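Asker:
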Amino acid sequence: MIEITSLIAGYGLDKRGYIISDVSKDKINEVFNRALKRLETASHEEDFITYTQNFARKLIRTYYSMVMARSQIWTTRLHEQAEVFLIYFTEKEPIVRTLLEWVDQPPKDFNVVYELFKREGEWASANFINEAQFH
Numbered sequence: 013m014i015e016i017t018s019l020i021a022g023y024g025l026d027k028r029g030y031i032i033s034d035v036s037k038d039k040i041n042e043v044f045n046r047a048l049k050r051l052e053t054a055s056h057e058e059d060f061i062t063y064t065q066n067f068a069r070k071l072i073r074t075y076y077s078m079v080m081a082r083s084q085i086w087t088t089r090l091h092e093q094a095e096v097f098l099i100y101f102t103e104k105e106p107i108v109r110t111l112l113e114w115v116d117q118p119p120k121d122f123n124v125v126y127e128l129f130k131r132e133g134e135w136a137s138a139n140f141i142n143e144a145q146f147h
């Protein structure tokens with residue numbers, strides 16, 4: 013058994029030693045709204061590319077956070093986090109594959125990026141608390 017000595021902010025261990033999240037829906041909404049505002053106000057293509065890549069990573073990591081407790085798989089590798097999430101949400105595979113592509117090769121179409129991030133950010137926010145609870 014691997015002993016975890018420190019966890020990132022927003023996570024802790026329950027009485028049985030399982031990783032749990034204490035992130036609130038308000039916090040998730042705040043993070044996603046801030047990210048969308050950055051996209052809206054990107055003044056240069058370089059900024060848009062950077063924000064797209066960062067937000068794609070953040071969304072994948074948020075997805076992973078939703079299933080981390082029940083999977084009991086702890087990884088910081090983005091592709092592994094995506095694979096763990098897809099074990100539980102196979103219907104999200106096209107979205108996750110798109111996000112992974114955008115990390116390496118960001119698109120230039122603002123509307124496509126914005127709409128996907130808005131829709132998926134809302135989905136994550138609406139479902140995070142219920143999904144992240146490990147029963």
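Everything in the sequence shown is counted per the working numbering, starting at 13 for the first residue and increasing by one.
Where a beta carbon is used, it is the ideal one built from N, C-alpha and C, also for glycine.
Bear in mind that the values here come from a model prediction, so they are computed numbers and not experimental data.
Determine the contact status of residue 60 and residue 129, defining contact as a CB-CB distance below 8 angstroms.
Answerer: no
Asker: Within 10 Å of its beta-carbon, does residue 134 have 16 or more other beta-carbons around it, so buried, or fewer, so exposed?
Answerer: exposed
Asker: Identify, in the order they occur along the chain, each residue of the same chain with its Cβ nearer than 6 angstroms to the Cβ of residue 136, setting aside the five sequence neighbours on each side.
Answerer: Around residue 136: 74.
Asker: For the candidate residues 62, 98 and 70, whose alpha-carbon lies nearest to that of residue 79?
Answerer: 98
Asker: Helix, strand or coil: which one does DSSP assign to residue 88?
Answerer: Residue state, collapsed to three classes: coil.
Asker: So for residue 62, helix, strand or coil by DSSP?
Answerer: Note: residue 62 maps to helix in three-state DSSP.
Asker: Considering only residues of the same chain and omitting the five flanking positions on each side of residue 63, which have a CB-CB separation below 8 angstroms?
Answerer: 47, 50, 51 and 54
Asker: If you scan the stretch 95-146 from start to end, which runs of the alpha helix (DSSP H) of 4 or more residues do you find wholly inside it?
Answerer: Note on the stretch 95-146: whole alpha helix (DSSP H) runs with a minimum of 4 residues are 105-116 and 122-144, in chain order.
Asker: Taking 8 angstroms as the cut-off, decide whether the C-beta atoms of residue 144 and residue 77 are in contact.
Answerer: yes
Asker: Using a Cβ-Cβ cutoff of less than 7 angstroms, which residues in the same chain neighbour residue 114 once the five nearest sequence positions on both sides are dropped?
Answerer: Excluding sequence neighbours, residue 114 sits near 64, 65 and 68.
Asker: Quick check: residue 111 and residue 71, are their CB atoms within less than 8 angstroms of each other?
Answerer: yes
Asker: Give the straight-line distance between the Cα atoms of residue 131 and residue 43, rounded to the nearest whole angstrom.
Answerer: 14 angstroms
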